[in-house]
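For the record, the sequence lines run as chains A and B. Per my numbering, the first sequence starts with residue 85, numbered consecutively. Per my numbering, the second sequence starts with residue 85, numbered consecutively. For every residue, glycine included, the Cβ atom is placed at its ideal position computed from N, Cα and C. Just below is one structure, and these are the notes that go with it.
Number of protein chains: 2
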Amino acid sequence: MKKHNFFAGPAILPAEVLSEAAQAVQSFGDMGLSLVEISHRSKEFVAVMEEAQQLTKELLHLPDDFAVLFLQGGASLQFAMSAYNLMRSDGSGAYLETGSWAKKAVKEANIIGKGHVVASSADTNFNYIPKDFTLPDDADYFHITTNNTIYGTEIRDLQPMVDAAKAKGIPLVADMSSDIFSGPIPASDFGIIYAGAQKNLGPAGATLVIVRKDILGKTDRAIPTMLNYQTHIDKDSMFNTPPVFAVYTSLLTMRWIKKHGGLQAMQARNEKKADLLYNEIDRNSLFEGTAAKEDRSLMNATFVMPKAELEPAFLQVCTEAGLVGVKGHRSVGGFRASIYNAMELDSVQLLVDVMQDFEKKNG
Amino acid sequence: MKKHNFFAGPAILPAEVLSEAAQAVQSFGDMGLSLVEISHRSKEFVAVMEEAQQLTKELLHLPDDFAVLFLQGGASLQFAMSAYNLMRSDGSGAYLETGSWAKKAVKEANIIGKGHVVASSADTNFNYIPKDFTLPDDADYFHITTNNTIYGTEIRDLQPMVDAAKAKGIPLVADMSSDIFSGPIPASDFGIIYAGAQKNLGPAGATLVIVRKDILGKTDRAIPTMLNYQTHIDKDSMFNTPPVFAVYTSLLTMRWIKKHGGLQAMQARNEKKADLLYNEIDRNSLFEGTAAKEDRSLMNATFVMPKAELEPAFLQVCTEAGLVGVKGHRSVGGFRASIYNAMELDSVQLLVDVMQDFEKKNG
Chain A
85 MKKHNFFAGP AILPAEVLSE AAQAVQSFGD MGLSLVEISH RSKEFVAVME EAQQLTKELL
145 HLPDDFAVLF LQGGASLQFA MSAYNLMRSD GSGAYLETGS WAKKAVKEAN IIGKGHVVAS
205 SADTNFNYIP KDFTLPDDAD YFHITTNNTI YGTEIRDLQP MVDAAKAKGI PLVADMSSDI
265 FSGPIPASDF GIIYAGAQKN LGPAGATLVI VRKDILGKTD RAIPTMLNYQ THIDKDSMFN
325 TPPVFAVYTS LLTMRWIKKH GGLQAMQARN EKKADLLYNE IDRNSLFEGT AAKEDRSLMN
385 ATFVMPKAEL EPAFLQVCTE AGLVGVKGHR SVGGFRASIY NAMELDSVQL LVDVMQDFEK
445 KNG
Chain B
85 MKKHNFFAGP AILPAEVLSE AAQAVQSFGD MGLSLVEISH RSKEFVAVME EAQQLTKELL
145 HLPDDFAVLF LQGGASLQFA MSAYNLMRSD GSGAYLETGS WAKKAVKEAN IIGKGHVVAS
205 SADTNFNYIP KDFTLPDDAD YFHITTNNTI YGTEIRDLQP MVDAAKAKGI PLVADMSSDI
265 FSGPIPASDF GIIYAGAQKN LGPAGATLVI VRKDILGKTD RAIPTMLNYQ THIDKDSMFN
325 TPPVFAVYTS LLTMRWIKKH GGLQAMQARN EKKADLLYNE IDRNSLFEGT AAKEDRSLMN
385 ATFVMPKAEL EPAFLQVCTE AGLVGVKGHR SVGGFRASIY NAMELDSVQL LVDVMQDFEK
445 KNG
């Protein structure tokens with residue numbers, strides 16, 4: 085039976101990407117060796133890294149004052165790195181607290197220095213994006229989490245965030261782990277964008293980091309070498325051995341995005357899937373969405389059943405239909421359907437069909 | 085033409101490991117999904133992580149007071165992590181400086197606190213392992229690099245290092261990136277052992293870290309969450325998404341090691357290959373080894389040509405014979421043949437044949 089992969093991350097990747105990645109593990113190009121057993125200094129792998137960096141710039145329309153890095157450690161390490169590299173010893177970081185990952189970023193700022201929460205939706209279990217906030221005077225940067233995988237919320241309009249940081253003259257830093265490359269963004273208005281690869285981009289193990297180079301070098305801290313963005317910029321993201329398989333697979337995904345029309349086309353594709361699913365959640369008497377409508381994520385739709393006693397039965401019919409990974413995160417409960425770039429409309433349609441069928445039998 | 089992979093890292097892996105890893109990227113077990121697109125919290129991946137940890141303990145005969153972690157960031161991040169976790173604010177780290185990676189570890193200790201070099205072979209371009217040293221009184225740990233990939237040296241007898249740390253009552257910390265699992269070691273006498281996977285273990289992107297749990301929690305430093313070993317121990321190496329492909333492939337390699345007789349058998353296999361190659365280096369009038377004989381590495385054989393003008397021609401015949409990656413590191417020059425666990429004796433024999441043939445034509 086065909087499986088439809090709704091996992092929140094690691095998550096669905098295009099079938100042709102997986103097939104080409106598997107082939108490279110067996111034998112890469114015409115080297116007669118596997119991708120994972122060749123030197124990262126070989127011209128073959130250097131070409132992979134360079135194309136991955138160049139395609140990132142092309143997809144996001146990034147000018148040359150930005151560096152593109154593929155690092156390790158996930159967004160969790162970026163919480164520390166962004167604070168280390170931008171926060172002066174008498175300064176602070178300003179954070180919009182929109183979920184448990186944002187909270188972890190704040191926690192890290194407070195280990196390294198001082199993190200200000202400028203607004204939080206913790207009071208309603210993070211089911212909306214706070215829009216009313218003031219950045220403190222000592223803030224060295226403003227940090228946002230653009231998509232909150234667990235709670236199904238997304239900052240659908242980035243402009244107010246860009247404007248707030250600009251008004252203070254500080255860089256905007258964004259954790260885009262779960263919505264990077266899902267649609268066009270004003271990337272060149274950001275100071276740092278980072279994203280764990282394992283949702284829209286590639287396998288776990290690579291973290292895409294985009295840095296506007298002129299914001300660095302302004303802190304007086306001693307930064308551990310590996311946590312210093314300048315270390316990696318100076319060595320073109322090859323200071324030490326990069327996670328070659330994750331970088332290559334990310335490159336394959338970016339080629340796939342470009343081939344399918346780029347970020348504008350991804351946005352249209354993602355809106356179509358999200359509309360289909362959210363319309364059914366709103367129409368179906370057995371389900372209700374958990375996130376504020378204007379902040380609903382295009383990537384992760386969260387929904388519960390008012391009659392919670394029916395949830396195990398619905399999960400069961402999903403499993404029987406080959407719909408995998410729809411169980412909600414324990415902190416929200418119910419269901420979560422992650423519908424990243426690679427998810428086909430047909431799979432979302434099948435989920436909707438199963439929801440409708442379930443309503444007929446149990447409504 | 086069959087290629088013989090002498091790259092120093094990323095490096096050769098067993099053919100059956102690569103084949104099984106490629107299969108898992110296509111479709112993993114009976115899930116109907118790729119290994120890299122399933123949740124790391126799925127029971128299928130949790131089983132991978134648990135078996136990888138258990139097999140590490142089994143191969144190294146580690147008792148239960150050790151934790152096994154698969155982290156990200158390579159040995160380079162471990163330079164910082166080991167110092168952060170063990171060095172008190174009024175203490176220091178003692179380092180044996182046996183190469184450029186050891187130097188980087190010292191540099192990191194000095195960013196975080198204080199690193200003492202207790203002995204160094206820098207004066208002779210690191211061509212031997214210093215054996216005469218005294219650990220300073222304020223040292224919180226003693227750090228060694230067991231194999232020096234660039235210079236072709238290896239600490240062949242670990243006991244004096246173990247004894248020195250024991251006499252001071254401090255943990256022994258070892259970077260074993262390039263000789264982990266190449267033979268039996270007294271693992272339970274170490275405080276921390278770490279190894280970037282990309283030589284004897286798996287693809288780049290995973291770092292094996294073994295920690296004796298009772299040495300932690302004794303420093304007064306604020307440690308960034310991701311750099312704190314306790315963070316990862318508390319979450320069974322799943323604090324954040326692990327590098328699933330690199331962990332799985334490392335597991336496949338460990339299964340292969342076990343199937344082929346474990347570390348005792350690896351040692352015998354590696355000694356046979358190293359003897360064959362070093363005997364030829366010593367016999368052949370055109371070549372000479374660069375490392376002190378008693379400190380020669382079983383993993384990386386470094387050699388040069390007294391008539392340096394012949395080196396390009398020898399590199400050419402290697403390429404023609406399908407011998408890949410034998411060019412030496414720029415800081416030593418000449419040649420380096422990396423003959424990790426997965427390298428077959430036949431490939432080493434072919435290199436020896438090419439050396440003998442070259443001598444006949446050019447000697």
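When the Cα atoms are used, what is the spatial distance from residue 104 of chain A to residue 428 of chain A? Rounded to the nearest angstrom, the two C-alpha atoms are 19 angstroms apart.
So residue 167 of chain B packs on residue 196 of chain B, CB below 8 angstroms; how close in whole Å? In this structure, residue 167 of chain B and residue 196 of chain B form a Cβ contact; the two beta carbons are roughly 5 angstroms apart against a cut-off of 8 angstroms.
Report back the beta-carbon spacing between residue 229 of chain B and residue 185 of chain B to the nearest angstrom; my notes put them in contact at under 8 angstroms. Contact flag correct, Cβ pair sits at about 6 angstroms.
Output, in chain order, the set of chain E residues within a Cβ distance shorter than 7 angstroms of residue 310 of chain A. The chain inventory of the structure shown lacks chain E, comprising the protein chains A and B.
Once DSSP output is grouped into helix, strand and coil, what is the label at residue 378 of chain A? In this structure, residue 378 of chain A counts as helix in the three-state DSSP scheme.
Euclidean distance between Cα positions of residue 344 of chain B and residue 414 of chain A: Between the alpha carbons of residue 344 of chain B and residue 414 of chain A lies a gap of roughly 43 angstroms.
Just by C-beta distance, which residues in the region 168-198 of chain B are closer than 9 angstroms to chain A? For the region 168-198 of chain B, the set of positions with a beta-carbon nearer than 9 angstroms to some beta-carbon of chain A reads 168, 188, 191, 192, 195 and 196 in chain order.
Going straight from the alpha carbon of residue 242 of chain A to that of residue 260 of chain A, what length do you get? Residue 242 of chain A and residue 260 of chain A have their C-alpha atoms spaced approximately 12 angstroms apart.
Measure the C-alpha to C-alpha separation of residue 309 of chain B and residue 198 of chain B and round it to an integer number of angstroms. If you take the alpha carbons of residue 309 of chain B and residue 198 of chain B, they lie about 22 angstroms apart.
Cβ-based neighbour list, residue 276 of chain B, same chain, cut-off 6 angstroms, excluding 5 preceding and 5 following: Counting only residues of its own chain and dropping the five nearest sequence neighbours on each side, residue 276 of chain B has a CB closer than 6 angstroms to the CB of 166, 257 and 295.
Name, going along the chain, the residues of the region 308-340 of chain A whose beta-carbon falls closer than 8 angstroms to a beta-carbon of chain B. Within the region 308-340 of chain A, contact with chain B at the beta-carbon level (separation under 8 angstroms) is assigned to 308, 309, 310, 311, 323, 324, 325, 326, 327, 328, 329, 330 and 333.
Hey, residue 350 of chain A and residue 267 of chain A are a contact pair by Cβ (cut 8 angstroms); roughly how many whole angstroms apart? Distance from residue 350 of chain A to residue 267 of chain A at the Cβ level is roughly 6 angstroms; contact confirmed, criterion being Cβ atoms closer than 8 angstroms.
Contact with chain B by residue 346 of chain A, beta-carbon distance below 7 angstroms: Not one chain B Cβ lies under 7 angstroms of residue 346 of chain A.
Taking Cβ-Cβ distances shorter than 8 angstroms, what residues in chain B pair up with residue 275 of chain A? In chain order: nothing, as chain B lies at least about 20 angstroms away.
Compare the C-beta of residue 364 of chain A against all C-beta atoms of chain B and say whether one is closer than 7 angstroms. False, the Cβ-Cβ gap to chain B never drops below 7 angstroms.
In chain order, which continuous runs of the alpha helix (DSSP H) of length 4 or greater are located wholly inside the region 385-438 of chain A? Counting only runs of 4 or more, we get 395-404.
7 angstroms is my cut-off, CB to CB: does residue 95 of chain B come that close to chain A? It does: the Cβ of residue 95 of chain B has a partner Cβ on chain A nearer than 7 angstroms.
Residue 124 of chain B: contacting residues in chain A (beta-carbon distance under 8 angstroms): The answer, in chain order, is 94 and 288.
Alpha helix (DSSP H) segment containing residue 186 of chain A, residue limits: 184-196 is the span of the alpha helix (DSSP H), which, as asked, contains residue 186 of chain A.
Opposing strand residues paired with residue 108 of chain B [DSSP bridges]: Here residue 108 of chain B is not bridged, per DSSP, to any residue.
Alpha-carbon spacing of residue 369 of chain B relative to residue 390 of chain B, whole angstroms: One C-alpha to the other measures close to 9 angstroms.
Might you give, ordered along the chain, the residues of its own chain that have their beta carbon closer than 7 angstroms to the beta carbon of residue 96 of chain B, omitting 5 neighbours on each side? Hits under 7 angstroms: 89, 424, 426 and 427.
Which same chain residues end up closer than 8 angstroms to residue 91 of chain A when comparing Cβ atoms and leaving out the 5 residues on each side of it in sequence? Excluding five sequence positions before and after residue 91 of chain A, the CB atoms of its chain that fall closer than 8 angstroms to its own CB belong to 408, 409 and 422, given in chain order.
Residue 341 of chain B, DSSP secondary structure in three states: Helix.
Complete alpha helix (DSSP H) runs within the region 113-154 of chain B (minimum length 4 residues, chain order): Listed in chain order, they are 127-144.
Okay, do the region 328-340 of chain A and the region 172-190 of chain A touch, 3+ Cβ pairs below 8 angstroms being the bar? Look at the beta carbons and you see the region 328-340 of chain A not touching the region 172-190 of chain A: under three pairs across the two are nearer than 8 angstroms.
Between residue 384 of chain B and chain A, is any beta-carbon pair separated by less than 7 angstroms? No, because no Cβ of chain A sits closer than 7 angstroms to the Cβ of residue 384 of chain B.
Thinking C-alpha only, which one of A/251, A/100, A/113 and A/270 is nearest residue 143 of chain A? Its Cα nearest to that of residue 143 of chain A, the residue A/270 stands out among A/251, A/100, A/113 and A/270.
When the Cα atoms are used, what is the spatial distance from residue 207 of chain A to residue 384 of chain A? Between residue 207 of chain A and residue 384 of chain A, the C-alpha separation is close to 21 angstroms.
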